[in-house]
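Visitor:
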Amino acid sequence: MEPISPLEQALHTARALVLADLVAGEVAEADVVSLVEESVVQRRWWVEQWPEGVEYVAGLVAQDVQDALLDNYGRWPLCPVCRSGDPHALEIEPELGPDPHWVCHEAGVKVAAVGALGSAGTS
Ligand SMILES: [Zn+2]
Numbered sequence: 069m070e071p072i073s074p075l076e077q078a079l080h081t082a083r084a085l086v087l088a089d090l091v092a093g094e095v096a097e098a099d100v101v102s103l104v105e106e107s108v109v110q111r112r113w114w115v116e117q118w119p120e121g122v123e124y125v126a127g128l129v130a131q132d133v134q135d136a137l138l139d140n141y142g143r144w145p146l147c148p149v150c151r152s153g154d155p156h157a158l159e160i161e162p163e164l165g166p167d168p169h170w171v172c173h174e175a176g177v178k179v180a181a182v183g184a185l186g187s188a189g190t191s
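Numbering of the sequence shown is given in the numbering used here, commencing with residue 69 and proceeding in unit increments.
1. With a cut-off of 8 Å, do at least 3 Cβ pairs link the stretch 121–138 to the stretch 152–171?
2. Quick one: any contact between the stretch 123–132 and the stretch 105–113, if contact means 3 or more CB pairs under 8 Å?
3. Let me check you understand the geometry: is the CB of residue 185 closer than 8 Å to at least one non-hydrogen atom of ligand 1?
4. Drop a sphere of 10 angstroms on the beta-carbon of residue 183, count the other beta-carbons inside from all chains shown, and report buried for 16 or more, exposed for fewer.
5. Which of the three DSSP states, helix, strand or coil, is assigned to residue 146?
6. Taking the beta strand (DSSP E) that residue 161 falls in, what are its first and last residues?
7. Which partner residues does residue 170 have in the DSSP bridge list?
8. Rounded to whole angstroms, what's the CA-CA distance from residue 166 to residue 153? Just pull it up for me.
9. Verify the contact flag: residue 92, CB atom, against every heavy atom of ligand 2, threshold strictly below 8 Å.
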């Protein structure tokens, strides 16, 4: 067997992390999962052009899916930290960097790493 390349590994991880967050938000419908697949295909192309970007893939896939959901579904993921005020979505930070996290800009807090939303804010 060929060893799995760092690119494929990063894409696989990104897909798994974003799916975990979608499951946590109970929006992992079939058409939403296909948005993740679409993003992974595009980001594979992107990293092939710019291999140094491989570390950024998870944050980018999360942002792609967030943008696609905004058009088709609504804000995602909703902030689990702020209990008052208008519902708002979390944002990825850094937008282009390794180790992406979901943050709430209203409260100025890191909510969870990408892939760990399920264990955030539900206690
Ligand atoms: Zn918030």
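A virtual CB, placed ideally from N, CA and C, is assigned to each residue, including glycine.
Remember, it's a predicted structure, so these values are computed and weren't measured experimentally.
Guide: Well, looking at it:
1. Three or more beta-carbon pairs separated by less than 8 Å link the stretch 121–138 to the stretch 152–171, which places the two stretches in contact.
2. With a cut-off of 8 Å on Cβ pairs, the stretch 123–132 is in contact with the stretch 105–113, counting three or more such pairs.
3. Along the sequence shown, one-based indexing puts residue 185 at 117. In this structure, residue 185 has its beta carbon at no less than 8 Å from each heavy atom of ligand 1.
4. Here residue 183 refers to the residue found at position 115 when the sequence shown is read from its first residue. Residue 183 is buried by the Cβ-count criterion.
5. Numbered from 1 along the sequence shown, position 78 holds the residue referred to as residue 146. Residue 146 falls in the strand class under three-state DSSP.
6. Working through the sequence shown from its first residue, we reach residue 161 at position 93. Residues 159–161.
7. What you label residue 170 is simply residue 102 of the sequence shown in a count that begins at 1. Beta-bridge annotation (DSSP): residue 170 is paired with 160 and 180.
8. Numbered from its first residue, the sequence shown carries residue 166 at position 98. Numbered from its first residue, the sequence shown carries residue 153 at position 85. In this structure, the CA atom of residue 166 is about 31 Å from the CA atom of residue 153.
9. Because ligand 2 does not appear in the structure shown, any question about it cannot be addressed here, the ligands present being ligand 1.
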